[in-house]
Amino acid sequence: MNTLEREERIQNIIKYGKYVVLIVIIGIIALIIINSKQSYSKIEKTLIEAAQKYVADNKIQVNDTTYIEITKLGEIEGTELCSKASGVSVTNENGKFKYKAFLSCNNYQSKVSTANTKYIILTGGDVITLNKGEVFNDPLYTLKKEAEVIISGKVLTTPGIYTISYAAYVDNELKETVYRKVIVSESDKASNISGLVNEVDPIITLLGDKNMTISLNSRYKEPGYKAMDYVDGKISRSVDVTGKVNTSQVGTYPITYKVTNSRGRTAIVQRFVKIIKETSNLNISLSQNNEEVSATTELNLEIIGEDYSYTIIPDGTKCIMRNCSYTVKNNGTYTFKIYDIRGNEFIKEIEVSNIDNTPPAGSCSALIRGNNTEVEVNASDNKGIASYTYILDGVEASKSSDNTYKVSKKSSKVTVKVTDIAGNEANLTCSVTVKEETIVPVRTSGSTSVKDVDEYLVVDTKNDVISLANYVEGRVSQNTPPGYPDMCLSFAYYHAYKLYNGDPLSSMTAVEGAKYHYGSFFTGVKNDSKQEILKVVYEQIKQGRPCILHVNGNTSGTSRHYVTVVGYKKTVTSGETMSETDLLIIDSYDGKLERMDKEGSRFMISGYDTGRKGAKAYGYQVYILK
Numbered sequence: 034m035n036t037l038e039r040e041e042r043i044q045n046i047i048k049y050g051k052y053v054v055l056i057v058i059i060g061i062i063a064l065i066i067i068n069s070k071q072s073y074s075k076i077e078k079t080l081i082e083a084a085q086k087y088v089a090d091n092k093i094q095v096n097d098t099t100y101i102e103i104t105k106l107g108e109i110e111g112t113e114l115c116s117k118a119s120g121v122s123v124t125n126e127n128g129k130f131k132y133k134a135f136l137s138c139n140n141y142q143s144k145v146s147t148a149n150t151k152y153i154i155l156t157g158g159d160v161i162t163l164n165k166g167e168v169f170n171d172p173l174y175t176l177k178k179e180a181e182v183i184i185s186g187k188v189l190t191t192p193g194i195y196t197i198s199y200a201a202y203v204d205n206e207l208k209e210t211v212y213r214k215v216i217v218s219e220s221d222k223a224s225n226i227s228g229l230v231n232e233v234d235p236i237i238t239l240l241g242d243k244n245m246t247i248s249l250n251s252r253y254k255e256p257g258y259k260a261m262d263y264v265d266g267k268i269s270r271s272v273d274v275t276g277k278v279n280t281s282q283v284g285t286y287p288i289t290y291k292v293t294n295s296r297g298r299t300a301i302v303q304r305f306v307k308i309i310k311e312t313s314n315l316n317i318s319l320s321q322n323n324e325e326v327s328a329t330t331e332l333n334l335e336i337i338g339e340d341y342s343y344t345i346i347p348d349g350t351k352c353i354m355r356n357c358s359y360t361v362k363n364n365g366t367y368t369f370k371i372y373d374i375r376g377n378e379f380i381k382e383i384e385v386s387n388i389d390n391t392p393p394a395g396s397c398s399a400l401i402r403g404n405n406t407e408v409e410v411n412a413s414d415n416k417g418i419a420s421y422t423y424i425l426d427g428v429e430a431s432k433s434s435d436n437t438y439k440v441s442k443k444s445s446k447v448t449v450k451v452t453d454i455a456g457n458e459a460n461l462t463c464s465v466t467v468k469e470e471t472i473v474p475v476r477t478s479g480s481t482s483v484k485d486v487d488e489y490l491v492v493d494t495k496n497d498v499i500s501l502a503n504y505v506e507g508r509v510s511q512n513t514p515p516g517y518p519d520m521c522l523s524f525a526y527y528h529a530y531k532l533y534n535g536d537p538l539s540s541m542t543a544v545e546g547a548k549y550h551y552g553s554f555f556t557g558v559k560n561d562s563k564q565e566i567l568k569v570v571y572e573q574i575k576q577g578r579p580c581i582l583h584v585n586g587n588t589s590g591t592s593r594h595y596v597t598v599v600g601y602k603k604t605v606t607s608g609e610t611m612s613e614t615d616l617l618i619i620d621s622y623d624g625k626l627e628r629m630d631k632e633g634s635r636f637m638i639s640g641y642d643t644g645r646k647g648a649k650a651y652g653y654q655v656y657i658l659k
């Protein structure tokens with residue numbers, strides 16, 4: 034081989050060697066990512082197992098869905114850098130509990146769905162965690178293909194798990210639905226860390242006891258330690274351990290553990306090893322009798338062994354009993370010093386973090402509408418609110434876990450007692466607003482006589498009835514060109530929802546109204562008695578809630594139709610006596626506001642009247658807001 038050939042071979046080795054090195058590096062990174070995901074997958078299984086035990090041990094009642102935060106599940110190895118909002122949802126499906134882990138750690142996020150989407154890519158991931166009281170700002174989505182996206186679902190500021198759905202439509206046909214879970218947690222979320230990642234210290238966890246006691250001339254064995262960092266990951270090998278234990282001399286020896294991350298942040302912890310003259314036969318245990326949030330908790334020290342002499346409890350008092358109790362009113366670390374008959378000292382410490390002496394804070398408002406009182410409370414607490422007690426004119430009216438209350442009673446003074454889960458109470462005096470009932474005059478179609486004008490009490494909603502009716506007539510209805518046959522129920526849902534929630538009228542379109550998208554906000558009520566259904570309608574309108582009524586689609590009553598009920602005649606005082614001819618409706622067919630009577634060719638029918646297959650499954654029918 035000549036010199037030229039040798040140089041050419043060397044150049045080829047250098048040239049292609051770069052690619053080999055690059056491929057190897059990429060492979061290593063991929064393996065790290067895969068192993069990381071597998072590791073977190075194992076942690077999710079551990080979380081679920083811990084949640085199953087927690088539910089069983091604490092006899093948790095799960096009626097619908099309950100969320101158990103990771104802080105309640107004990108120390109889970111590998112979660113040191115995870116959000117405190119991580120946890121497990123428990124859903125009761127016909128008596129069978131289903132568990133789903135939600136883990137937010139470093140760069141890992143549990144998935145709601147791993148399916149590849151064809152249209153919608155959620156911005157910000159399919160799981161979002163918030164603090165209690167924090168408002169959800171939807172980061173929305175990007176589209177792979179052109180589609181119209183309808184978003185549904187509501188996220189409250191109170192702790193819980195909420196679902197937001199994103200439905201992609203193409204030419205009015207549903208193509209795909211993607212879901213996002215929003216977890217509102219009692220605890221601090223991970224973003225509090227991630228947003229200040231450069232200012233976060235690493236974490237050193239000591240294995241074994243922080244305070245150790247061994248006998249003179251015995252052998253000291255280091256129990257070990259672990260170190261984690263939000264960015265660097267496991268950095269246990271970087272820990273610098275200083276300090277020596279002289280087992281041949283009585284005394285207390287500190288061992289210092291120090292580690293510095295890649296950003297120059299340092300963590301330091303210490304272990305104290307005490308050498309005593311002679312091994313004591315004492316068996317010492319220190320426990321907390323109540324780990325749930327409370328105003329106070331009791332610490333219990335139990336000593337077994339003949340060598341016991343006395344204990345100095347945290348307030349400096351001497352206890353000569355073998356069972357020493359101490360009531361704690363504040364969070365912190367509490368130290369017990371135990372002495373044996375030889376004068377050897379043993380230290381036991383316990384950290385208390387479940388004390389809550391702070392009452393809830395907030396405000397409340399009461400709306401007096403006619404003979405109805407509607408109360409809404411906006412209160413918060415660092416540990417969580419247990420109940421609201423509603424007091425009307427000095428008399429307790431109701432106690433519940435709901436921050437809203439409605440009652441058919443006119444009140445002049447409203448107060449609410451808010452109680453947190455620790456038992457702390459706050460008494461709120463509500464601001465009272467009196468709102469007159471909304472009365473709308475409606476003339477019988479085609480009539481010009483004053484005597485034919487009726488006054489209707491209509492729902493007091495965020496959008497007023499007249500404005501909505503004027504907007505949807507001829508624009509947003511079943512009869513809107515090019516026409517939407519068999520869509521009456523969908524449009525009735527749409528009108529009622531927009532009326533109640535106050536969305537901009539200019540955003541209403543016939544295309545959206547025809548999608549049955551708003552049916553999820555309603556629930557059906559059926560009864561063979563027409564009057565029983567009218568009672569339901571009366572109460573709904575009285576409470577300011579429009580509803581959907583099943584009526585005839587033709588004069589013979591053989592086809593069904595649905596309209597939105599928005600009011601009833603001012604003269605009506607009871608659902609017991611109200612007639613269908615007393616009702617004011619927005620007809621989903623043409624969007625017109627009109628009285629419901631036989632003159633207008635709309636009257637109530639039952640499923641039996643239609644002669645439809647399966648009609649015997651229902652009688653008269655009304656849909657009400659959930």
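In my numbering, the protein residues as written are 34 to 659.
Where is the CB? At the ideal position from N, CA and C, for every residue including glycine.
Checklist entry - Taking the C-alpha atoms as reference points, what is the distance between L163 and K129? => result In the sequence shown, residue 163 corresponds to position 130, counting from 1. In the sequence shown, residue 129 corresponds to position 96, counting from 1. Whole-angstrom Cα-Cα distance: 28 angstroms.
Item to check | the stretch 361-375 contacting the stretch 417-433, beta-carbon criterion three pairs below 8 angstroms | outcome: no
Item to check | Beta-carbon contacts of D340 that lie in its chain and below 6 angstroms, excluding the five residues immediately before and after | outcome: In the sequence shown, counting from the first residue as 1, residue 340 sits at position 307. Taken in chain order, the residues that qualify are S313, N314, L315, D373, I374.
Next on the checklist: Could you compute how far the alpha carbon of L501 sits from the alpha carbon of K214?
Outcome noted: Here the question's residue 501 lines up with position 468 in the sequence shown. Here the question's residue 214 lines up with position 181 in the sequence shown. Straight-line Cα distance between these residues: approximately 33 angstroms.
Checklist entry - Between the Cα of Y549 and the Cα atoms of I93, I183, S137, L189, which residue gives the shortest distance? => result Position 516 of the sequence shown, counted from the first residue, corresponds to residue 549. The residue with the shortest Cα to Cα distance from Y549 is I183.
Next on the checklist: Using the three-state DSSP reduction, which class does G166 fall into: helix, strand or coil?
Outcome noted: Numbered from its first residue, the sequence shown carries residue 166 at position 133. Three-state DSSP puts G166 in coil, outside helix and strand.
Checklist entry - Does any residue of chain D bring its CB to less than 8 angstroms from the CB of D340? => result Among the chains in the structure shown there is no chain D, since it carries only a single protein chain.
Item to check | Residue span of the beta strand (DSSP E) that contains T466, given as start and end | outcome: As a first step, residue 466 is located in the sequence shown; it is residue number 433 there, counting from the start. Looking at the DSSP string, the run of the beta strand (DSSP E) that includes T466 is 464-468.
Next on the checklist: Are the CB atoms of V408 and V447 within a distance shorter than 8 angstroms?
Outcome noted: As a working note, residue 447 is residue 414 in the sequence shown. As a working note, residue 408 is residue 375 in the sequence shown. Going by C-beta atoms, V447 is nearer than 8 angstroms to V408.
Next on the checklist: Classify G644: buried if its beta carbon has 16 or more other beta carbons within 10 angstroms, exposed otherwise.
Outcome noted: The residue labelled residue 644 in the question sits at position 611 within the sequence shown. Classification for G644: exposed.
Checklist entry - Based on the DSSP secondary-structure assignment, which residues constitute the bridge partners of V440? => result The residue labelled residue 440 in the question sits at position 407 within the sequence shown. T406, per the DSSP bridge assignment.
Item to check | For D242, the three-state DSSP class (helix, strand or coil) | outcome: On the sequence shown, position 209 is the one that residue 242 refers to. Of the three classes helix, strand and coil, the one that applies to D242 here is coil, per DSSP.
Next on the checklist: Taking a contact to mean a Cβ-Cβ separation below 8 angstroms, would you say R635 touches N585 in this structure?
Outcome noted: Working through the sequence shown from its first residue, we reach residue 635 at position 602. Working through the sequence shown from its first residue, we reach residue 585 at position 552. Yes, the Cβ-Cβ distance between R635 and N585 is below 8 angstroms.
Item to check | Whole-Å CB distance - S583 paired with V655, under 8 angstroms assumed | outcome: Working through the sequence shown from its first residue, we reach residue 583 at position 550. Working through the sequence shown from its first residue, we reach residue 655 at position 622. Going by the sequence as given, residue 583 is His instead of Ser. That pair is a contact at about 7 angstroms.
Checklist entry - Going by beta carbon distance, what residues of the same chain come within less than 7 angstroms of I574, once the five residues before and after it are set aside? => result Here residue 574 refers to the residue found at position 541 when the sequence shown is read from its first residue. If we look at I574 and ignore the five residues flanking it on each side, its Cβ neighbours are V492, V598, G600, Y601.
Next on the checklist: Do V451 and S401 count as a contact pair if the criterion is CB distance below 8 angstroms?
Outcome noted: As a first step, residue 401 must be located in the sequence shown, where it is residue number 368. As a first step, residue 451 must be located in the sequence shown, where it is residue number 418. What sits at residue 401 in the sequence shown is Ile, not Ser. Cβ atoms of I401 and V451: not closer than 8 angstroms.
Next on the checklist: Would you call the stretch 315-328 in contact with the stretch 336-354, where contact means no fewer than 3 C-beta pairs closer than 8 angstroms?
Outcome noted: yes
Next on the checklist: For the stretch 194-201 against the stretch 152-162, do three or more pairs of beta-carbon atoms, one drawn from each stretch, fall closer than 8 angstroms, so that the two count as touching?
Outcome noted: yes
Checklist entry - Do the stretch 164-174 and the stretch 514-528 make contact, defined as three or more Cβ pairs closer than 8 angstroms? => result no
Item to check | Selection from K131, V160, Y87 that minimises the alpha carbon distance to S119 | outcome: Mapped onto the sequence shown, residue 119 falls at position 86. Selected option, being the one with the closest Cα: V160.
Next on the checklist: Rounded to the nearest angstrom, what separates V505 and L658 at their Cα positions?
Outcome noted: Start at 1 with the first residue of the sequence shown, and residue 505 comes out as number 472. Start at 1 with the first residue of the sequence shown, and residue 658 comes out as number 625. Approximately 20 angstroms, taken between the alpha carbons.
Checklist entry - Per DSSP, what kind of secondary structure is S562 in: helix, strand or coil? => result The residue labelled residue 562 in the question sits at position 529 within the sequence shown. Correct three-state label for S562: coil.
Checklist entry - Considering N294, what are the terminal residues of the alpha helix (DSSP H) in which it resides? => result What you label residue 294 is simply residue 261 of the sequence shown in a count that begins at 1. That residue, N294, is in no alpha helix (DSSP H); it is neither H nor E in DSSP.
Item to check | Sufficient close CB pairs (3 or more, under 8 angstroms) joining the stretch 325-338 to the stretch 294-312 | outcome: no
Checklist entry - For the alpha helix (DSSP H) that C521 lies in, which residues bound it at each end? => result On the sequence shown, residue 521 is found 488 positions in, with the first residue counted as 1. Counting along the chain, the alpha helix (DSSP H) containing C521 begins and ends at 521-534.
Checklist entry - Under 8 angstroms, do I237 and Y290 count as touching if we go by C-beta distance? => result Position 204 of the sequence shown, counted from the first residue, corresponds to residue 237. Position 257 of the sequence shown, counted from the first residue, corresponds to residue 290. Yes, Cβ-Cβ distance for I237 and Y290 is below 8 angstroms.
Checklist entry - If you draw a straight line from the alpha carbon of N503 to that of M541, how long is it in whole angstroms? => result Along the sequence shown, one-based indexing puts residue 503 at 470. Along the sequence shown, one-based indexing puts residue 541 at 508. Distance between the alpha carbons of N503 and M541 is about 12 angstroms.
Checklist entry - Do Y653 and Q511 come within 8 angstroms of each other at the CB atom, strictly closer than that value? => result Within the sequence shown, numbered from 1, the residue matching residue 511 stands at position 478. Within the sequence shown, numbered from 1, the residue matching residue 653 stands at position 620. No, these two residues do not count as a Cβ contact at 8 angstroms.
Next on the checklist: Taking its Cβ as the centre, do 16 or more other Cβ atoms sit within 10 Å of K267, making it buried, or is it exposed?
Outcome noted: As a working mapping, residue 267 is identified with position 234 in the sequence shown. Label assigned to K267: exposed.
Checklist entry - Going by beta carbon distance, what residues of the same chain come within less than 8 angstroms of S464, once the five residues before and after it are set aside? => result Reading the sequence shown from its first residue, position 431 is the one you call residue 464. Hits under 8 angstroms: S396, C397, S398, A399.
Checklist entry - With which residues is G284 paired in a DSSP beta bridge? => result Mapped onto the sequence shown, residue 284 falls at position 251. DSSP lists I308 as partners of G284.
Next on the checklist: Checking 8 angstroms against the spacing of the C-beta atoms, do I109 and A84 come in under that value?
Outcome noted: On the sequence shown, position 76 is the one that residue 109 refers to. On the sequence shown, position 51 is the one that residue 84 refers to. Against a cut-off of 8 angstroms, the Cβ pair of A84 and I109 comes out as no contact.
Item to check | Host beta strand (DSSP E) of E339 (start-end) | outcome: Within the sequence shown, numbered from 1, the residue matching residue 339 stands at position 306. Per DSSP, E339 belongs to no beta strand (DSSP E) and is neither H nor E.
Checklist entry - Are the Cβ atoms of I413 and K165 separated by less than 8 angstroms? => result In the sequence shown, the residue the question calls residue 413 occupies position 380. In the sequence shown, the residue the question calls residue 165 occupies position 132. For the sequence presented, residue 413 should be read as Ser rather than Ile. In this structure, K165 lies closer than 8 angstroms to S413 by Cβ.
Item to check | Option nearest E384 by Cα separation, candidates N377, Y367, P393 | outcome: Taking the first residue of the sequence shown as 1, we reach residue 384 at position 351. Of the candidates N377, Y367, P393, the one whose C-alpha sits nearest the C-alpha of E384 is Y367.
Checklist entry - Hey, L617 and Y489: beta-carbon distance below 8 angstroms or not? => result Translated into the one-based positions of the sequence shown, residue 617 becomes position 584. Translated into the one-based positions of the sequence shown, residue 489 becomes position 456. A contact, by the Cβ cut-off of 8 angstroms.
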